[in-house]
Amino acid sequence: MMTIEWFTQFLAVAAALAAAPLFLGWVNQCRAWLQNRRAPSVLLVYRGIRKLFHKDAAVAEPASRLFIFTPYIVFGTMVVAAAIIPSVSTRLPFGTAADAIALVGLFATARVFMSLAAMDIGTAFGSMGARREMMVGFLAEPALLMVIFVASLISMTTALPVISERLATQALTLSPSLAFTGVAFTMVLLAENARIPIDNPATHLELTMIHEAMLLEYSARHLALLEWAAALKLLNYACIGFALFLPWGAAMGEAGPPALLTAVAFLALKLLVAGVALALIETLSAKLRVFRAPQFLATAYLFASLGLLVHLLLGA
Amino acid sequence: MEFLALLGTPLAGALALAWFGARRRAPEANAALSLATLAAAVALTVRVFGAGNLTFFHEQFFIDPFNVFLVTLTALVGFTTSMFSRPYMRVELDHGRISAGRLRLYHSMYQLFIATMLLALTTNNLGLMWVAMEAATLSTVLLVTLYRTPASLEAGWKYFILCGVGIAQALFGTILLYIAAEKVLGAEGVSALLWTHLNAVKAQLEPRVLSLAFVFLLVGYGTKVGLAPLHNWLPDAHAEGPTPISAVLSGLLLNVAIYAVVRCKILVEGSLHSPLPAQMLMGFGMLSVVLASFLLWRQRDIKRLFAYSSIEHMGIIAFAFGMGGAIANFAALLHMTVHSLTKSAIFFAAGHAAQKSGTQIMERIRGLVTVSPTVGWGLMLGSLAILGMPPFGVFASEFLILTTAMREQPWATPILLIALGVAFAAIFGRVQSMVFGETTVKRLPHTPALLPVFLHLALVLMLGLFIPPYLAEWYRAAARMIGGG
Amino acid sequence: MTAQPFVLQILNALAALLLLLSFAMLAQRRVVTLVNLLALQGAVLCAATLLLAWRTGEAHLYFSAALTLCLKVAFLPWLLHRLIRRLGVYWDTDTLLDTTGTMLVGLLVVVFAFGLAQPISALASTATRSAVGIAVAVILLAFLTMITRRKAMSQVVGFLSMENGLFFGAMSATYGMPMIVELGVALDVLVAMLVLGVFFFQIREQFDSLDLEHLQSLKEDR
Amino acid sequence: MIANLGSPLSAALALLCAWVVIGLAGLLRPMSLVFAGRTLFPLGAACGLALALAALLGIAAPTAHLTLPIGLPDLPMHVRCDALSCVFLCILGATSAGVSLFGAGYFRSGQGAPPGLLCLQYHLFLASMGFVLLADDAYGFMVAWETMALSSYFLVTTQHRIEEIRRAGFLYLLMAHLGAIAILLCFGVLQGGSWQFSFDAMRSAQLSPPRAGVALLLALVGFGAKAGLVPLHVWLPEAHPAAPSPVSALMSGVMLKVAVYGMLRVAFDLLGGPLWWWGLLPVSLGLFTALYGIVFAAAQTDMKRLLAYSSVKNIGILFTGIGLAIVFHGVGRPQLAALALVAVLYHSVNHAFMKSLLFLGTGVVLHSTGERNLGRLGGLIHRMPWVAWLTLVGTLAIAGLPPLNGFVSEWLLLQAFLFAFEVPHTFVNMLLPLGAGLVALTGALSGYVMVKFFGVVFLGKPREAAAAPAHDAGSLERGGLLWLASGCVILGLLPAQIVPVLARVAEQLHVGRLLPNGAPWWMLVPLQGRQASYAPLVFSCAVVAVVLLTIWVVRLLYHQRIRRVAPWDCGFGRLDARMQDTAEGFGQPIRHLFEPFFAMQRQLPSPFDPAPRYRVVIGDRIWNAAYAPLGALVQRIADAFAALQQGRIASYLLYGFITLIVLLALVL
């Protein structure tokens, strides 16, 4: 049995690594379609990463080792996070290493490293990006935790696999609290992954950028790792969302290869749909000015809190 | 024998120094005489330690647990103050603030003052006690005006008049006591004013007269204690006189005065069986604590500041005696001891500080530790001790007083605590800026005598952590005798 | 009510005189007269003491009378007169309260004092016990005198008058205190007056005046 | 008298006395820096280490008592050593070992107190904290408590020539004293009619609920004033920056914990069973404190003030935990109460390590640049890599990031919060989970603050010339930093080993038990049957493995060329150090978002200003609203009293006369 679990684990990580740029590409493609543009290839993200790996790394003179290590750390964190999130199976060996709160913590670690690295060079844009990223972070994190709280109140645990299992096995009910938190989660996801309306991944317009401002000084393999990590992060968030709100289809309990295959298929399907939804949201909304971001995230927090209260009141 | 030496040494000293007090070695003679007095006091204490209570001269004098430690304390502080005054007065002489003739007056009166206080403490005769108290005033009044500045004259005048009037009330109180006692003990023989005799028959004394007597005695001796609102002479006299005198006034005279009040209270309470005397003491104590602690905020003169602090502490002691009972009395006695030691130490340090910076105005005294760390630290630690910071002994007594107050007078505890907090802020803020910071202080021609400061502080520290068993025994016995509560 | 012996009647009359003198001192503004009144009060006191000594046969009362005579009738007034001449203080410019007001307060004080003396008189076994009230009144009136005066000299006179009251109180209630105490008290009063003399010269040297207006610089109310 | 020299209690006492002796030895050669630094401070560090070990053994040992032959005649000093004391002794010993080692290399000669005196004050401070933890009667406790305040005051005012520092010291001691008064009152209530002031008597006293409530409130005021609970926090951001860095480290790292210890001692030991809803006050105050502290930390421009406010935040978290434990204890959820308590203890240990580490780090920065102002620092990671990297550990830890220690305790606290809905009272069970959201917010905000702290001090380019020639820490200083940093790491990685040890405290205080569960040694499962688990060792190993693997793979497949170039900066080119975010700039979003917290005074330049200046002064509303009027009130009362004393002797006589008349009328 152990071997199967470890195999599943390996499969989950490998799938995540492979699927992350693909998912990002899919979202981009959907967005282009929705915006009546000619869509780039789904594989464009892969090509970009590959190209970057081959380039000479240009590192700014004032950079310290922190700057150079950060891409690896961020990438490593995202990979491990992918190993923890029960994307295909709830019985991953790493699934017990960190619960949902710790997962949020892991993401925060990656974010802090990113911000520090951005400040390392001492450019105006770098520190601006770091500041904005941390601002979004400190607002998004509590909202995300509130979301997790609601889910864990329903299932009496903060362990993501258990939450998934319990949600999946309980009778299908219309749960207003989950609906509220679902909205909140989506908002957090947008904010955390530098999507519209908080940030625009497709622009380098200096004064509005957040995530990209932090990457300005990176090049070559370091940039590649960071881009890949960003894609992984988006995938991870999507998978957390699935685990919390759409657990159906993932392999529950001790599952053999067939169940795993189904799970992978289900995951792909969910990602396809999610990509479309994400693109739709991004297309329909306009980018907010930076100082509007707190309001956006406060709304997310409010939704999550409402979900919590509704759950406490209605028990559902 | 020891007793004769105890009273005789300072008296003889006063006479001798009246002749030789201006000589070059007079300060040393003064210290030597004080040392002899201390030796006599210690010898007496040792004897009491073995033999228990003693009486002398047809019971006109006596030593019991209540006064034995006060006698030693008085002799000790008398001695250390004389040590301190040696370099201090020399500097004053060098600075031309006093002449050699006045130094003679100073030395002579200093010894006389010690003698009167010892007399007041040891006499069994309430009338004699009154006489000694009055004599104590008279012997210090000219010392307060030693500098002959307008301010010192004013202070001396107020001291003289207010304490004179006050003590006249005490005399009337004594007379009333005598009237009541005479009824019981008979006019013949002089026993009607002997405390030990009165104490034996106190239950039979006529209560109404005694309560009147107590009011007069309280107002009278209370003026001397510095209980508000009778305290007005105290800050003036402390601030304007020479520092050694401030030290003994604050450290010893106030103790003696409160000793007199308590002696009277014991008698009156025994007769009265009403809480009135206790309530009066508590009321005075409370008022003094509150008034003094707020007035501390307005002080600019260093000695005036600590004079108000003395009023505050006398208030605490009065309050504790007012509460009565074994623990509160014990605490009050302890507080008398530690206050006396600490306050005189503070005055020593403050005196040197004022000399070094040439002013008593606190705003102009700065950065003592940088120039003379010992003076600075002495002042700092002394102030902290007097503010009731552990591990110093003042905290021990305040702890006991406050905890008893919580039990006996819960209403009073918050008021006391607020007042203590206010006093803390007032005194500490000022002391800190005198001790620390950039300096304005200069060096002096004579090395300051700081042994007394640190000796006192060490004793106070010891009393905070460990009270010697025999001392505790005396305190306990005295506390039992004082009763109340 | 049986008639009192004649001696007692005289004693009571003297007591009343004491009270009257206290009132007179309260009202008087001329310093010289004030000292004279004090001397007169001392004399009355002395007479009363003598009378009482004669009646009771207490030896030490004679002694007290002699002490009073020397000290309060002769020496102190002489000293004060001398000081007045040397220092040139003749008038206490004006009292803090006007005379009528002072008198009224004085009257109240007397009533209070008499009430106060009730229990004391009841306890005392002496023939003169009813005069205790007068003694208390004298003390309090002297207090009042001191409060209302502005000249140092008048305050001293008030102080001595208070001493007289005390003495009279002791005498009338108990035929005097024990000898040792009385001696001590007398000594103290004497020394006090000597100290005062020194004081006056010091004050005058500094301020050119004995007006208490000058002695108000040490205060909290700035 | 001394029962057993080997017992943890006597060992602890002996070590505390050793500290006193070491301190006094400093007076032998007061001016000798070498003697104090190279001999006494390392000795003190060794004592600290030994104390930590003894205390660690003591946690498992049974409770020990001892009565010392000193103190008041009727109340000799009692000492007692139970698991709670031992945990905090452990904090004291372990932290002070690092700080003393650091201090051995840190103190320089120059202005301020001579080294020998400093050594005395420092070791007295340590010893008095130890005695506070051991004291088992009110008198001994108060003596040790105030000695602690006093010795730390002297340490704070080491640089007493600076006016600001004197003011800070004064405010500090004043607040400490007022707090002590409240504690004294608290003991007065706690004795409950027996009028015995040993803690044993207090334990056995039966208090009526209102009295117990008053006692808890007084304890909250007293210990809160020491710990820096809002609104009693005003001294903290003044005093911590004023002190020399090792002292700030001890004050923030250990002394605040001693206050927490006091609160725990009163709430869970002396008070017996507090009512559940009393816990709501600490919870709400704690949450407010946490938010207030971290928001102010974000707005600071002085690095030590920033850290001080961060301490305020952590104290808030600790008091929240204490309140939560009281609530759970009161409503009969022993397991959850134990969890909350363990979270508090864990956080105390953690904060001691990380905050000391950070303060020491700032100490080195301060020494080598002479700057405390964030606006003038920057780029120090190149000049002082040791300090920078070790401080980074502390920074990440205090930001609450896994796998370091700060996260563990917040995780435990959140786990406890998660079950707050079980409190059987409406409103409360809805509000408490929302409180968890606040805890999360403050946690995230501290990430923000710490990025600001580390980024501005160590990263980027030096903002002023002073920061450029900085040098790294000496070897002793490095040793101290390394010790504390490794503590942060170990505490972060091995929670499963530490939680059971701390749980003994909860068990001994009869708060509750954390039941043993079958989790493997590397995994922390705090509550049985809830399945929330945390295995930092596992995922950090995984992250390291992935990182190494990635590096290896990248090396294997691609070339290694790195070019050093000028920063690109969107091609802007004319970059200089002043274009980086300043500390004010970095704090701006927070100032903007939490504007109602601040009493801000802005000076904005007009558009046509030839020499524009932008200035913002951030004030504390609480100071303006509470403390300033209080001072004015006292002054007014004093003025009113002073009017009584006009210097006229006649009025003085009148007072006497009236007093006499009134009293006579009273007895008649």
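Chains as they are written, first to last, in the numbering used here: chain A, 14 to 329; chain B, 2 to 486; chain C, 216 to 437; chain D, 91 to 758.
Virtual Cβ for every residue (Gly too), placed ideally from N, Cα, C.
Check, Outcome
"Helix, strand or coil for D302 (chain B)? Go by DSSP, reduced to three states.", "strand"
"Just confirm the distance between the C-beta atoms of S294 (chain B) and A424 (chain B), as a whole number of angstroms; I'd bet it's less than 8 Å.", "4 Å"
"What do you get for K445 (chain D), buried or exposed, if any count of 16 or more other CB atoms within 10 angstroms of its CB means buried?", "buried"
"May I ask you to verify whether the segment 80-87 of chain B touches the segment 293-301 of chain A, counting CB pairs closer than 8 Å and requiring at least 3?", "no"
"Report the neighbours of Y107 (chain B) on chain C: residues whose CB is nearer than 8 Å to its CB, in chain order.", "The premise fails here: Y107 (chain B) is roughly 14 Å from chain C at the closest Cβ pair, so nothing lies under 8 Å."
"Hey, does P163 (chain D) have any beta-carbon neighbour from chain B nearer than 8 Å?", "yes"
"How about A152 (chain B) and E93 (chain B): do their beta carbons lie closer than 8 Å?", "no"
"Anything in the segment 88-116 of chain A with a Cβ closer than 8 Å to a Cβ of chain D? List those residues in chain order, please.", "F88, G89, T90, V92, V93, A96, I97, F107, T109, A110, A111, D112, I114, A115"
"Under the rule that 16 or more other beta-carbon atoms within 10 Å means buried, what is F20 (chain A), buried or exposed?", "exposed"
"Using Cβ-Cβ distances below 8 Å, what residues of the segment 237-269 of chain A are close to chain D?", "L238"
"Residues of chain C with CB under 8 Å from T146 (chain B), in chain order?", "F414, Q417"
"Chain C partners of T11 (chain B), CB-CB under 9 Å?", "It is Pro, not Thr, that sits at residue 11 (chain B) in the sequence shown. The contacting residues do not exist; P11 (chain B) stays about 17 Å from chain C at best."
"Between G195 (chain A) and chain D, is any beta-carbon pair separated by less than 8 Å?", "no"
"Report yes if the C-beta distance between M435 (chain B) and I366 (chain B) is below 8 Å; otherwise report no.", "yes"
"Please check the pair L232 (chain C) and L266 (chain C), which I expect to be a contact at CB under 8 Å, by giving their CB distance rounded to whole angstroms.", "Their Cβ separation, rounded to whole angstroms, is 12 Å, which puts L232 (chain C) and L266 (chain C) out of contact at 8 Å."
"Got a sec? Which residues, its chain only, sit under 7 Å from A145 (chain D) by beta carbon, not counting five neighbours each side?", "P98, A102, C176, L179, C180, G183"
"Could you check what DSSP says for F358 (chain C) in three-state terms: helix, strand or coil?", "helix"
"Taking the alpha-carbon of L129 (chain B) as reference, which of B:T73, B:Y179, B:Y471, B:M363 has the nearest alpha-carbon?", "B:Y179"
"Return the residue from the list D:S438, D:P523, D:Q505, D:M341 that minimises the CA-CA distance to F449 (chain D).", "D:M341"
"Classify G490 (chain D) as helix, strand or coil using the three-state DSSP reduction.", "coil"
"Just the chain A side, please: which residues come within less than 8 Å of V483 (chain D) by C-beta, in chain order?", "By Cβ distance, chain A contributes nothing, its closest Cβ being about 12 Å from V483 (chain D), past 8 Å."
"Does T157 (chain D) come within less than 8 Å of chain E when only Cβ atoms are used?", "Of the protein chains in this structure, namely A, B, C and D, none is chain E."
"Spatial neighbours of A280 (chain C) within its chain, please: CB distance less than 7 Å, with the 5 preceding and 5 following residues excluded, ordered by chain position.", "C261, T264, L265, A268"
"Leaving out the 5 sequence neighbours to the left and right, which residues in its chain are closer than 6 Å to M91 (chain D) when beta-carbon positions are compared?", "Its pLDDT being 40, under 50, M91 (chain D) is placed unreliably by the model, and nothing is read from it."
"Does the count of Cβ pairs from the segment 275-287 of chain A and the segment 245-255 of chain A closer than 8 Å reach three?", "yes"
"Nearest CA to the CA of V455 (chain D): which residue from D:L470, D:R256, D:T129?", "D:L470"
"Would you report the Cα separation of A203 (chain D) and L240 (chain D), rounded to the nearest angstrom?", "15 Å"
"Nearest by alpha-carbon distance to Q333 (chain C): which of C:A388, C:G399, C:V246 is it?", "C:A388"
"Please look up how many angstroms separate the CB atoms of P271 (chain A) and S177 (chain A), rounded, as I've assumed it's under 8 Å.", "At roughly 19 Å, the Cβ-Cβ gap does not stay under 8 Å, so P271 (chain A) and S177 (chain A) are not in contact."
"Taking 8 Å as the threshold (beta carbon to beta carbon), is V125 (chain A) in contact with chain D?", "yes"
"With A321 (chain B) and H340 (chain B) assumed to form a contact (beta carbons below 8 Å), what rounded beta-carbon distance in angstroms separates them?", "With 8 Å as the limit, A321 (chain B) and H340 (chain B) do not qualify as a contact, their Cβ atoms being about 11 Å apart."
"Give the DSSP-derived three-state secondary structure of I64 (chain B) in the structure shown.", "strand"
"Looking at the unbroken alpha helix (DSSP H) that takes in T371 (chain B), where does it start and where does it end?", "369-372"
"Under the three-state reduction of DSSP, which class applies to T170 (chain A): helix, strand or coil?", "coil"
"Taking beta-carbon pairs under 8 Å, can you tell me which members of the segment 223-239 of chain B lie near chain D?", "T224, P230, L231, N233, W234"
"Quick one: is D426 (chain C) near chain B, going by C-beta distance under 8 Å?", "no"
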